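K.L.:
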Amino acid sequence: MYATRHCTVSRSMLLPVVLSILLIHLEITHAVAPKLTKRQSAGIVRCVKASNVLGCGTFECLKRTDRCKLGGLALLCSKFQRKTSNFNQLGRTFTKQSLRCMATQIKSDFQRAGRQCSQIENFVSRVQADCYRSNNVCRAAMSNYKHFKQILLPKDILTSRSFLQMFQSILSCGEAVTLKFRDTVTSALGQSFLSMLNYLQKGATSPLIEILGQEWVGSAQFRAIENEVPGSSPRQS
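Mind the numbering: the sequence shown is residues -31 to -1, 1 to 206 in mature numbering (1 follows the signal peptide of the UniProt record, and there is no 0), read in order.
#1: Are Leu42 and Leu59 touching if we call contact CB-CB under 8 angstroms?
#2: Inspect the beta-carbon positions of Phe28 and Cys46 and report whether they are closer than 8 angstroms.
#3: Taking the alpha carbon of Val22 as the point to measure from, which residue in Thr147, Lys115, Ser94, Cys70 has its own alpha carbon closest?
#4: Quick one: Cα of Ser20 to Cα of Glu144, how far?
#5: With a threshold of 8 angstroms between beta-carbons, can Thr27 be considered close to chain D, or not?
#6: Between the segment 131 to 143 and the segment 94 to 105, can you find at least three pairs of beta-carbon atoms closer than 8 angstroms?
#7: Have a look at Gln9 and Gln66 and give me their C-alpha separation to the nearest angstrom.
#8: How many angstroms separate the CA atom of Ala11 from the CA atom of Lys149?
#9: How would you write the range of the alpha helix (DSSP H) that Thr147 sits in, first residue to last?
#10: Suppose you measure from the CA of Leu5 to the CA of Thr34; what does that come to, to the nearest Å?
#11: Quick check on DSSP: helix, strand or coil for Ser77?
#12: Quick one: using the 10 Å Cβ neighbour count with 16 as the cut-off for buried, is Asp125 buried or exposed?
#13: Going by the beta-carbon positions, is the gap between Ala110 and Cys142 smaller than 8 angstroms?
#14: Enumerate in chain order the residues of its own chain whose CB-to-CB distance from Lys7 is below 8 angstroms, with the five nearest sequence positions on each side excluded.
#15: Mark Lys115 as exposed unless 16 or more other C-beta atoms lie within 10 angstroms of its C-beta, in which case mark it buried.
#16: Is the distance from the Cβ of Ile13 to the Cβ of Phe79 below 8 angstroms?
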């Protein structure tokens, strides 16, 4: 006779796994997306090279085409810049240095990223992760967590790769930091969390929105997500 052992998996243990799966599936979702034309790619390269590494100009260049979903970083940048005055010195330094780091790397390496949407998105995510890590996102997030949470709204984390990448970087900081942010996602998922556990146990691989269903995106629950976060502002297009 073998005793059956039951393992209780908490939400906090699964969140980093969920976010990793989300990133993988966002890659899969766009793997067959059309690539940029040579003209579109050249236009972005020219814009990027002419942009200033200070501010959000470099990231705005990525929005010059509708073929790839590259507008998330520009939105994230603008949100951080609007909140800068609320941060302490660690937060202000992180914002300035990490944005400059990302803009510099994009200016330097974008033309070598390829023309497939998935290649460009992977490149941008790697740049984000590298710049957040090198500019100590963990200390900045820990000491400014209330303001960071007003920027990293659940609806954006669930739908934008750039927001998701930053949130995952924060969740890799360790227990003390991640405890401050886990409710951002768990409050958004609510009753859908059990469905997600089912989904993970079956080993399926689909974007999170497919787990919840497209009808959920237009539901009152989804529209109310940003209202569940204190200090949130209406979504910008």
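No residue lacks a Cβ here, since even glycine has one placed at the ideal position from N, Cα and C. Source: prediction; values computed, not measured.
P.N.:
Once the coordinates are examined:
#1: For this step, residue 42 is matched to residue 73 along the sequence shown. For this step, residue 59 is matched to residue 90 along the sequence shown. Going by C-beta atoms, Leu42 is not nearer than 8 angstroms to Leu59.
#2: Looking up residue 28 in the sequence shown gives position 59. Looking up residue 46 in the sequence shown gives position 77. Inclusion of Phe28 and Cys46 in the CB contact set at 8 angstroms is warranted, their separation being smaller than that value.
#3: Residue 22 sits at position 53 when you count from the first residue of the sequence shown. It is Cys70 whose Cα lies nearest to the Cα of Val22.
#4: Position 51 of the sequence shown, counting from 1, holds the residue named residue 20. Position 175 of the sequence shown, counting from 1, holds the residue named residue 144. Their backbone Cα atoms lie some 38 angstroms apart in a straight line.
#5: The chain inventory of the structure shown lacks chain D, comprising one protein chain alone.
#6: Yes: at least three Cβ pairs fall under 8 angstroms.
#7: Taking the sequence shown and counting its residues from 1, one reaches residue 9 at position 40. Taking the sequence shown and counting its residues from 1, one reaches residue 66 at position 97. So the two alpha carbons sit approximately 29 angstroms from each other.
#8: Your numbering for residue 11 matches position 42 in the sequence shown. Your numbering for residue 149 matches position 180 in the sequence shown. Looking at the two C-alpha atoms, the distance is approximately 42 angstroms.
#9: By 1-based counting over the sequence shown, the position of residue 147 is 178. From DSSP, the alpha helix (DSSP H) with Thr147 extends over 144 to 147.
#10: One-based indexing of the sequence shown puts residue 5 at position 36. One-based indexing of the sequence shown puts residue 34 at position 65. Rounded to whole angstroms, Leu5 and Thr34 show a C-alpha spacing of 8 angstroms.
#11: Sequence index remark: in the sequence shown, residue 77 carries index 108 (1-based). Annotated three-state conformation of Ser77 is helix, per DSSP.
#12: In the sequence shown, residue 125 corresponds to position 156, counting from 1. Counting Cβ neighbours within 10 Å, Asp125 comes out buried, since at least 16 surround it.
#13: Along the sequence shown, read from residue 1 onward, the residue named residue 110 stands at position 141. Along the sequence shown, read from residue 1 onward, the residue named residue 142 stands at position 173. A contact, by the Cβ cut-off of 8 angstroms.
#14: Within the sequence shown, numbered from 1, the residue matching residue 7 stands at position 38. Same-chain partners within the cutoff: Arg84.
#15: Within the sequence shown, residue 115 is the residue found at index 146, counting from 1. So Lys115 counts as exposed.
#16: Taking the first residue of the sequence shown as position 1, residue 13 is located at position 44. Taking the first residue of the sequence shown as position 1, residue 79 is located at position 110. The Cβ-Cβ distance between Ile13 and Phe79 falls below 8 angstroms.
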